[in-house]
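Student:
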Amino acid sequence: MADELDVMATFIVDRLKASGAITAIVGSGSAARIYQDVAPQGAAFPYIVFSSLAPNDVSAIGAIRIATRDQWLVKAVVQSSSFGGSLTTLADAINTQLHGDDGTSGTASGGNVVHSYRMRPFRLSEVTSGVAYRWKGGIFNIMAQVT
44 MADELDVMAT
54 FIVDRLKASG
64 AITAIVGSGS
74 AARIYQDVAP
84 QGAAFPYIVF
94 SSLAPNDVSA
104 IGAIRIATRD
114 QWLVKAVVQS
124 SSFGGSLTTL
134 ADAINTQLHG
144 DDGTSGTASG
154 GNVVHSYRMR
164 PFRLSEVTSG
174 VAYRWKGGIF
184 NIMAQVT
């Protein structure tokens, strides 16, 4: 049985794969470079990684859990010294796909997404062994229920 975090993760992947702008850059189907938590070692750039940051349950009267809300970091990653190009295209498409969803398109395997919206943008630079990497995306508040 899926839990609410599984429902949210499925929703994120499904929404990202529904974007032609995203699949044109990271691929489609099972070959899409969209990873939960960590990209595999040696993954081709660019890719998208998403992670759960702060899940918490939403309760009604007493201890009746009615949903779970979580903040998800969803970011595009490139090997580049610039924040432009495919990084900006991916970040914009991530925002378009995940921001402002009121749940009308939020049915995912095992549950429903009540809402999805961006709380704040995200941007980071890193240099490792002389190689520059850029991350860009957002932190999204997503609420889901299991069915």
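Residue numbers for the sequence shown, in the numbering used here: 44 to 190.
Where a beta carbon is used, it is the ideal one built from N, C-alpha and C, also for glycine.
Remember, it's a predicted structure, so these values are computed and weren't measured experimentally.
(1) What does a CB cutoff of less than 8 Å around G63 pick up in its chain, not counting 5 residues either side in sequence?
(2) CB L133 to CB A119, shorter than 7 Å?
(3) Pick out the complete alpha helix (DSSP H) segments inside the region 69 to 151, 4 residues or longer, and give them in chain order.
(4) Quick check on this structure: which residue in T53, V170, Q79 has the alpha carbon closest to the alpha carbon of I91?
(5) Between F183 and V121, is the Cβ-Cβ spacing less than 7 Å?
(6) Pull up the distance between the alpha-carbon of S102 and that of V81, whole angstroms please.
Tutor: In terms of the structure at hand:
(1) none
(2) Going by beta carbons, L133 and A119 fall inside the 7 Å limit.
(3) With a minimum length of 4 residues, the continuous alpha helix (DSSP H) runs that stay inside the region 69 to 151 are 129 to 141.
(4) Q79
(5) no
(6) 31 Å
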